[in-house]
Amino acid sequence: MTDTSRRGFLFAGSIAGAGMLAAACTSNSEETGNTNQQSVSTGGDNDKPGTKVTIGFSAPAADHGWIAAIAKNAEAQAKQYSDVDFKPVEPTNDINQQISAVESLIAQKVGALVILPNDGEQLNQVARKAMDAGIPVVNLDRVFPDKLSYRTWVGGDNYGMGVAAGHYIGKKLKDKGVAKPVILEIQGIATLPLTQDRSKGFADALKTYGFSVTAKQDAKFTVESGNQVAGNLLQAHKKIDALWNHDDDQGVGVLAAIKQANRNEFFMVGGAGSANAMREIKNGGVLEATVTYSPSMASSAIKLARLIAQGKGMADLVEKQVPQSITLASETITKDNVDRYLPLGFES
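Structure representation (structure tokens):
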């Protein structure tokens, strides 16, 4: 997630190895499906019961597949521990309400806080208030600009998502011998740093093949906008070679527009790793791949908050304390490996 929008998909990963897979985006769009699984991690000496810890949790409203997965993963992970008292506050997309909710957790003197802010900059001060009160904050996804406002940040690699998509598209077009390809890009929200990072990674990777983006437009992370933007781009470009859509949730609308226009001369790469996107990949068609941004990061955030509150480090590291920052990798899911990931996807 970074700033005010994001998504992703579920992966069962262990924070002990810090080798977690990454996926997707987020937004505050209408949820069109249910998350059927939660990503949790178990095992290792660090998971043995220790000092009792109360972990407060605050996130945006679960009105989007990726955000819904974030909340469910956090709760499911907390339930793995007999020494964790999980205190989630009411999820909200209202900045002031989220600030008030976090302040209520500070007043309760919780042992640690996990916060996925609606907007990192606007919630920066209340996170700093928690840290100043001696409550360690695990900043999830959308980063607080002041490093004094959080003990540890954990999130996905937005730049890496763009790089992964760019390499998939660039290599395939190069192998096909396409000299001047028409490459389109459908972003989430163009003004967000996360979107800008994704676009930069995409452009940088394409450049290594001598390619560049022909046209790009943002679709606000919603199905409706995805459909409208894709329809406009399809009308404007009678011949397309490749398309990268930043987000699989808005990709539902993008794919609907493509099917309605009866266009299949190009291939598409998605972003997030949603279950419906994976099924599209498995069935064959325009959507050939998706690059991940995993809501399993919420499970990791709970694990990290517990370790920090108990004064423990990560089992596979030599250092005695949890790192200050953990960036998850972005995986590329194709027809070749989709069966391995499909059971772990979230529903858009």
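For my numbering, add 214 to where a residue sits in the sequence shown, where the first one is 1.
Every residue, glycine too, gets a C-beta built ideally from N, C-alpha and C.
As the structure is a computational prediction, the values presented were derived from the model and not from experiment.
Distance, Cα to Cα, L457 vs I397?
The count along the sequence shown starts at 1 and reaches residue 457 at position 243. The count along the sequence shown starts at 1 and reaches residue 397 at position 183. Each residue's alpha carbon lies about 6 Å from the other.
Helix or strand or just coil, what does DSSP make of D411?
The residue you call residue 411 lines up with position 197 of the sequence shown. Looking at D411 - three-state DSSP - the assignment turns out to be helix.
Given a threshold of 16 other Cβ atoms within 10 Å of its Cβ, counted over all protein chains shown, does S296 qualify as buried or as exposed?
The residue labelled residue 296 in the question sits at position 82 within the sequence shown. Exposed.
Could I get the ranges of all uninterrupted beta strand (DSSP E) runs contained in the stretch 419-454, with 3 residues as the minimum, in chain order?
429-432
Round the Cβ separation of N441 and A471 to the nearest angstrom and send it over; I've been treating them as touching at under 8 Å.
Against the sequence shown, residue 441 aligns to sequence position 227. Against the sequence shown, residue 471 aligns to sequence position 257. Indeed, because the Cβ distance is near 5 Å, the residues count as touching under 8 Å.
Segment contact, 8 Å Cβ cut-off, at least three pairs: the stretch 326-336 with the stretch 266-286
yes
Can you look up F300 in the DSSP assignment and give me helix, strand or coil?
Residue 300 sits at position 86 when you count from the first residue of the sequence shown. DSSP places F300 in strand when its eight states are reduced to three.
Status (buried if at least 16 other CB within 10 Å, exposed otherwise) for V532:
Within the sequence shown, numbered from 1, the residue matching residue 532 stands at position 318. Looking at its Cβ environment, which holds fewer than 16 other Cβ atoms inside 10 Å, V532 is exposed.
Classify E479 as buried or exposed, calling it buried when 16 or more other Cβ atoms lie within 10 Å of its own Cβ.
Position 265 of the sequence shown holds residue 479. So E479 ends up on the exposed side.
Measure the alpha-carbon distance for S508 versus N551 and round it to whole angstroms.
The count along the sequence shown starts at 1 and reaches residue 508 at position 294. The count along the sequence shown starts at 1 and reaches residue 551 at position 337. Taking the straight line from one Cα to the other gives about 16 Å.
Residues in the same chain with beta-carbon distance under 7 Å from E581, minus the five sequence neighbours each way, listed in chain order, please.
Because the chain in this structure spans residues 215 to 562, residue 581 falls outside the shown range and cannot be described.
For the stretch 512-551, list the alpha helix (DSSP H) runs that are entirely contained and at least 4 residues long, ordered along the chain.
none
Quick check on I313: does DSSP put it in helix, strand or coil?
Looking up residue 313 in the sequence shown gives position 99. Helix at I313.
Buried or exposed: T366, going by 16 or more other Cβ atoms within 10 Å of its Cβ?
Start at 1 with the first residue of the sequence shown, and residue 366 comes out as number 152. Looking at its Cβ environment, which holds 16 or more other Cβ atoms inside 10 Å, T366 is buried.
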